[in-house]
Amino acid sequence: MTVPSPPPFNRGGNHGRLLPPLELEAMKALWQLGEATVRQVNTEMNRRRPLAYTTVLTLLDRLARKGAAGRRKQGRAHFYVPLISREAALEMVIDRLARDFFDGSRERLLNHLRGRSPEPAEAAAAEAALDAALL
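Residue numbers (our numbering): 8 to 142.
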């Protein structure tokens, strides 16, 4: 299979951009199916909610332009394949969440998810940084 190489999803204009919910649903279908036609992705996505064929075609085209999916044409059919892994997409979401809500600290994010307060050393460091910023 030959798939043209669009710019990597996590570089250039797409750096740090998260996929909108419906595009993420299309990626989930691609991760499940591997290489698939628009019709196959449409069938997979319709298990969750009804979508028109043209809607799925538009979603897959957007993913290809963003570099998240590759596209090739064979006869009249277009085949799509995920170019980013589920794990890479998850890393982007975690990085964004840590950056936006926890000053980039994955450890603070993890502590929040565990329902724990920060470790004393981390709390002291944060307090010292706050004091320095206020003085």
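Positions of the beta carbon are idealized from the N, C-alpha and C atoms, including for glycine. Please read all numbers here as calculations on a predicted model, not as lab measurements.
Within its own chain, the residues whose Cβ lies closer than 6 Å to the Cβ of Asn-49, once the five positions on either side in sequence are excluded, are Tyr-60, Val-63, listed in chain order. As a beta-bridge residue in DSSP terms, Thr-44 pairs with Phe-86. Residues Met-8, Glu-42, Ala-43, Thr-44, Arg-78, Arg-79, Lys-80 of the same chain have their beta carbon placed closer than 8 Å to that of Phe-86, with the five preceding and five following residues left out of the count.
Annotated three-state conformation of Ala-76 is strand, per DSSP. Under the DSSP assignment, Ile-101 falls in the alpha helix (DSSP H) whose first and last residues are 93-108. Only exposed fits Pro-27, as fewer than 16 other CB atoms lie within 10 angstroms of its CB.
For a cut-off of 8 Å, the C-beta gap from Ala-75 to Met-34 is around 6 Å, short enough to register as a contact.
Between Leu-116 and Ala-131, the CB-CB gap reaches or exceeds 7 Å. Residues of the same chain with a CB within less than 7 Å of the CB of Gln-47, apart from the 5 flanking positions on each side, are Leu-40 in chain order. CA-to-CA, the gap between Glu-32 and Asp-107 works out to about 23 Å.
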